[in-house]
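Numbering (my numbering), first residue to last: 2 to 275.
No residue lacks a Cβ here, since even glycine has one placed at the ideal position from N, Cα and C.
Okay, so here's the structure we're looking at.
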Amino acid sequence: GKNCYRYYSRAMDHAVERRVHMEQELRGAWERGELRLAYQPIFRMRDRRLVGVEVLLRWQHPTLGTIPPSVFIEVAEQSGLIEVIGPKVLRAACMEASQWPRGAAGDELFVSVNVSPRQLRGGELPALVAQCLHESGLPSSRLHLELTETAVIGDEMLAAQLLDKLHRTGVKVWLDDFGTGFSGLSHLRQVPVDGVKIDKSFVADMQRDPDDLALTTAIIAMAHALGITVVAEGIEQEAQFELLAQRGCDLGQGYWLSHPVTATEVVRMIDSGL
Ligand code: C2E
Ligand code: MG
Ligand code: MG
């Protein structure tokens, strides 16, 4: 109908069934203690000092095993469950980070929390952020939020207003997966973020694709011209680290530097003077 036709297959049935099942399981997963936070260390490229961590959600399902966020975040977003889970992650991350000791560099680590586009709807995020900071006693300078490019494309006016409100709470806002949305550099002028995270796909292809290397170099230069911090994610090899460091990339994370770890491990890393 309507000038189009669609195929239907039994496989679609199974996919829908799986999704519904997963959604049911995800409901109450937090209360059952199946969702936990992992922390991926973020380092300053200049001296490879530990400066912060990114919070990554993990789902330890009793029978299905560990389900990666790439699978369940989408379900959480489409079902709206992320609006329940997201605030819990934020609150828990603030509570946890407020307990961490001071690092060797004298600075306290920042904690960077991923925020789903859906959590931006309704405009309740700034109040939630303020509340979490207040309850935990975490200084606002130590909290960063990661928004995806797609969350702020489309309505730049609304995005700028939201960022303004978030900034008034004192937190920093980073654009995650930067470069993948093709909204690119021009948006950085309209949407005042504090940092961009170069997507791991660019980092992965930098060495063999001259275009990706050129893009990465351009992103760093442009961001710096605008006074924006650049974070590279998915650094898996020393050569990638060196290429990025040479180009003045400020911060980095990735398996070559450290895999995501537990909160206990974070404290151990701080204590060992990393
Ligand atoms: P992201 O925010 O871009 O997170 C980076 C992802 O890259 C993480 O996957 C991390 O484990 C992975 N990674 C880190 N270092 C490397 C590396 O060297 N190589 C490779 N190949 N990958 C690396 P993860 O934990 O599976 O998370 C996937 C995505 O799920 C995240 O992407 C984020 O968008 C979303 N996510 C995770 N936790 C949360 C959360 O609490 N709330 C929301 N809304 N989204 C979350
Ligand atoms: Mg992220
Ligand atoms: Mg990312």
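- Considering only ARG37, GLU32 and MET46, the residue with the shortest C-alpha distance to TRP257 is MET46.
- For ARG37, the closest C-alpha among the options GLN100, GLN25 and ALA94 is that of ALA94.
- Note that the C-beta distance between LEU164 and VAL192 is below 8 Å.
- Between the alpha carbons of LEU65 and ASP195 lies a distance of about 39 Å.
- A Cβ closer than 6 Å to some heavy atom of ligand 2 marks a residue here, and those residues are GLU55, ASN115, GLU147 and ASP177.
- When Cβ pairs closer than 8 Å are counted between the two stretches, the region 238 to 249 is seen not to touch the region 79 to 90, the count staying below three.
- For THR64, there is no enclosing beta strand (DSSP E), since its DSSP letter is neither H nor E.
- Taking a contact to require three or more Cβ pairs closer than 8 Å, the region 46 to 60 and the region 109 to 129 qualify as touching.
- A direct Cα-to-Cα measurement between GLN162 and PRO63 gives close to 42 Å.
- Short of 8 Å from the beta carbon of ILE229, and not among the five residues preceding or following it, lie these beta carbons of its own chain, in chain order: LEU189, VAL194, ASP195, GLY196 and VAL197.
- CYS133 is classed as buried because its beta carbon has at least 16 other beta carbons within 10 Å across all chains shown.
- Counted as a single uninterrupted DSSP element, the alpha helix (DSSP H) harbouring ALA219 occupies residues 211 to 226.
- In the DSSP assignment, VAL197 falls within the beta strand (DSSP E) that extends over 196 to 199.
- By the criterion of a C-beta distance shorter than 6 Å, SER259 is surrounded in its chain by PRO42, once the five residues flanking it on both sides are discounted.
- Counted as a single uninterrupted DSSP element, the alpha helix (DSSP H) harbouring THR151 occupies residues 150 to 153.
- Within 7 Å of the C-beta of GLU237 there is not a single heavy atom belonging to ligand 3.
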